[in-house]
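Number of protein chains: 2
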Amino acid sequence: MMLEPSHLAFVPFVSVQNMMRLVHHVGAEQFLTELATYIEADFKRWPEFDKTPRVASHSREGVIELMPTADAENYGFKYVNGHPANMRRGYQTVTAFGVLSSVANGYPILLTEMTVLTALRTAATSALVGRYLAPKGAQVMAMIGCGAQCEFQALAFRAICGINRLRLWDIDARAMEKARTNLQAVGFDVVVCASGHDAIEGAQIITTCTADKQYATVLTDNMVGAGVHINAIGGDCPGKTELHSDILRRADIFVEYPEQTRIEGEIQALDPDHPVTELWRVMRGEAPGRTDPRQITLFDSVGFAIEDFSALRYVHAKVEGTDFAEPLDMLADPDDPRDLFGMLQRAK
Amino acid sequence: MMLEPSHLAFVPFVSVQNMMRLVHHVGAEQFLTELATYIEADFKRWPEFDKTPRVASHSREGVIELMPTADAENYGFKYVNGHPANMRRGYQTVTAFGVLSSVANGYPILLTEMTVLTALRTAATSALVGRYLAPKGAQVMAMIGCGAQCEFQALAFRAICGINRLRLWDIDARAMEKARTNLQAVGFDVVVCASGHDAIEGAQIITTCTADKQYATVLTDNMVGAGVHINAIGGDCPGKTELHSDILRRADIFVEYPEQTRIEGEIQALDPDHPVTELWRVMRGEAPGRTDPRQITLFDSVGFAIEDFSALRYVHAKVEGTDFAEPLDMLADPDDPRDLFGMLQRAK
């Protein structure tokens, strides 16, 4: 008995297999919709959070980041890497896991894979923002970049914004073919395009989601006409952008957390005081979103810790008391909290 | 087969039970000695590390911290909380876990409990520093504060500095009795004292290790004579100190990482430019340690990420290929790294 850890010692763990089971149990589009309601609820109480730009460790090969945030009740963080060269070596560009804890006692209450969950929360955030900013009656989305995030974006924009027509482009024909196959299999009307220029023809929403860790221009100024919403996912670390700066200057720019976006987002190409609108203000009705059908709106997405916090809260609520989580013996729990050494000695 | 995650998806996990098994398998004092050699090796290559003060989230009840660092090969971080009121509620004041990753691809290669491991690394660091700074021929250690860290400190000072005589004091008689019982059981010569003043009588090393999150004075100036080494463990967050500032002014102060210690350590009570010596310089022979038998040396310990990194490296080396680690399905690993969505769909 002495050696059996108490329930305090166990942290519920959601493995990749269980996350995938959970997504299918809920239904992927329902999952994205519910997740978006958690994200929206947390954006609407933005000032309640303890916020800090993520802590990044850069190397030649990529970046490893910790993304913490907290409200009065919970603390959450995500570990996430970004290694553009991984794909060519058979590894994921992005892998992630996260932890949700109780602020009151500091104990973790959830450890979960977040590679799949990050793909879902990034897509849910984009589509949620799209619901606020895309032109009314938008029906067609261009997708520049057909990597791991592509299908999740499409699914979220269908679940949350009703978009079912997609125009794909990627410099890698196999990536484009993979996306086409996956997206047609779940009922999308998909057109594979001959260039980025071709892809954005007739699209009211343009999603850019490429992975190279460098300044790349996947959209040039002359490609983008009036009355579109640009959902820029790929520019998400210092030195990595996707859009020509002239587009930025014609657009109204919306961001998650300016302190982080100015370092990592598309707007690193602009003056540090270039005006941007914080999305939480739009969601609270304190700042305008789209005001004109001919306006170019741009969501300069870099991903912020509060979105992961929302995802952790959502998954925690979903798995509590189910077999989607398994108990992990991660915390020492001596009978007498002062007697950690006694616990160690009794384990002999 | 399609649903079986590949080896890339699995992260070796060391549970609390397995950490305790490992410690006894190696032998606690041998473990502390080996761990100290890892810490010393990493201190000696200090400039190679990517260093940052830990990222703390403070609340009324306590603090939750992330402590990352990296060298060219590995990235490591620890999650650790500090909640002084936990003990009274049956929880640990400090719990922790940590991750070691490959810088090359960002993938975690170890997830481990660190509640037990932190107790060991903190003690190993203290004793390692004691070996550099304690007066020659030191035989007696006073221990002010008999909480969870107490016995680990004693064991490390015996393994690394040859100290076998202890003088204990704690305001809580039960804590003192717990420490006495545990320490006598492993062969220490223990004297339970009537006050802090009594405890330091005849001691060449004074370890202060109390847990209250407030400015407390466990050592006043008149208590401390010449020719001692003070190992100050408990002052480790803003607003939490243990020593009267007059002692600090009489002592030569040694620290891990000044940027962090000035915020969290005893020296937060001093001017921001009060001279301190970085321990890595002492270990490299670039700065003097103890130069006079009558000198008061003070290790203002707050705990730095590199010590956790050393501990993660050590545990990783010890558990590789053994059953002290179990594989955890924490990373998604699609056959085609771009096809995360396809992996999710095939799991249906």
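Sequences listed follow chains F and Z, in order.
Residue numbers are given in the working numbering: position 80 of the first sequence equals residue 80, and the series is strictly consecutive.
Residue numbers are given in the working numbering: position 68 of the second sequence equals residue 1068, and the series is strictly consecutive.
Every residue, glycine too, gets a C-beta built ideally from N, C-alpha and C.
In this structure, Gln-149 of chain F keeps its C-beta atom at 7 Å or more from the C-beta atom of Cys-193 of chain F. Note that the C-beta distance between Gln-153 of chain F and Thr-207 of chain F is below 7 Å. At least one C-beta of chain Z is nearer than 7 Å to the C-beta of Asn-81 of chain F. Residue contact check for Val-218 of chain F against chain Z: no CB pair falls below 7 Å. Around Val-23 of chain F, the beta-carbon contacts reaching into chain Z at under 7 Å are Leu-1344. Looking at the backbone, the Cα of Phe-97 of chain F and that of His-1024 of chain Z are separated by about 31 Å. At least one C-beta of chain F is nearer than 7 Å to the C-beta of Arg-1338 of chain Z.
Residues of the region 295 to 327 of chain F with a C-beta less than 9 Å from any C-beta of chain Z: none at all. Boundaries of the alpha helix (DSSP H) around Glu-1034 of chain Z: 1028 to 1043. DSSP places His-197 of chain F in the uninterrupted alpha helix (DSSP H) bounded by 196 to 199. Under the Cβ criterion of 7 Å, Ala-1347 of chain Z is counted among the residues facing chain F. Between the C-alpha atoms of Val-55 of chain F and Phe-304 of chain F there is a straight-line separation of about 12 Å.
Proximity to Leu-111 of chain F across F:Asp-308, F:Ile-230, F:Met-176 and F:Lys-348 peaks at F:Asp-308, based on C-alpha coordinates.
Close partners of Arg-1089 of chain Z in chain F (Cβ separation under 8 Å): Asn-105. Straight-line spacing of the CA atoms in Pro-68 of chain F and Ala-127 of chain F works out to 23 Å.
About 5 Å separates the Cβ atoms of Leu-344 of chain F and Met-1020 of chain Z, confirming a contact at the 8 Å cut-off. Following the DSSP letters along the chain, one finds Asn-1182 of chain Z inside the alpha helix (DSSP H) bounded by residues 1173 to 1185. Proximity of Ser-1126 of chain Z to chain F, defined by a Cβ-Cβ separation below 7 Å, is not satisfied.
Under DSSP, Met-67 of chain F takes part in a beta bridge, and its partners are F:Lys-78. Just measuring C-alpha positions, the residue of Z:Ile-1144, Z:Gly-1225 and Z:Thr-1217 sitting nearest Val-1191 of chain Z is Z:Ile-1144.
Under the three-state reduction of DSSP output, His-316 of chain F falls in the helix class.
With fewer than 16 other CB atoms across the displayed protein chains lying within 10 angstroms of its CB, Glu-48 of chain F is exposed.
Excluding its 5 nearest sequence neighbours in each direction, Gly-1187 of chain Z has C-beta neighbours in its own chain below 8 Å: Asn-1164, listed in chain order.
The beta carbon of Ile-1064 of chain Z falls within 7 Å of a beta carbon belonging to chain F, placing the residue at that interface. Separation of the CB atoms of Ser-1301 of chain Z and Asn-1231 of chain Z is rounded to 7 Å, and the pair is thereby assigned contact status at 8 Å.
Shown here, Asn-1105 of chain Z sits in coil according to DSSP, grouped into three states, outside any helix or strand. Straight-line measurement puts the Cα of Ala-1269 of chain Z at about 12 Å from the Cα of Thr-1217 of chain Z. No Cβ of chain Z is located within less than 7 Å of the beta carbon of Asn-222 of chain F. At the C-beta level, Asp-1252 of chain Z and Thr-1297 of chain Z come within 7 Å of one another.
Per DSSP, the unbroken beta strand (DSSP E) holding Trp-1169 of chain Z starts and ends at 1165 to 1169. Pairing Ala-159 of chain F with Glu-266 of chain F gives a Cβ-Cβ distance that is not under 7 Å.
From the beta-carbon of Glu-1061 of chain Z, the residues of chain F found nearer than 9 Å are Val-103, Ala-104, Asn-105 and Gly-106.
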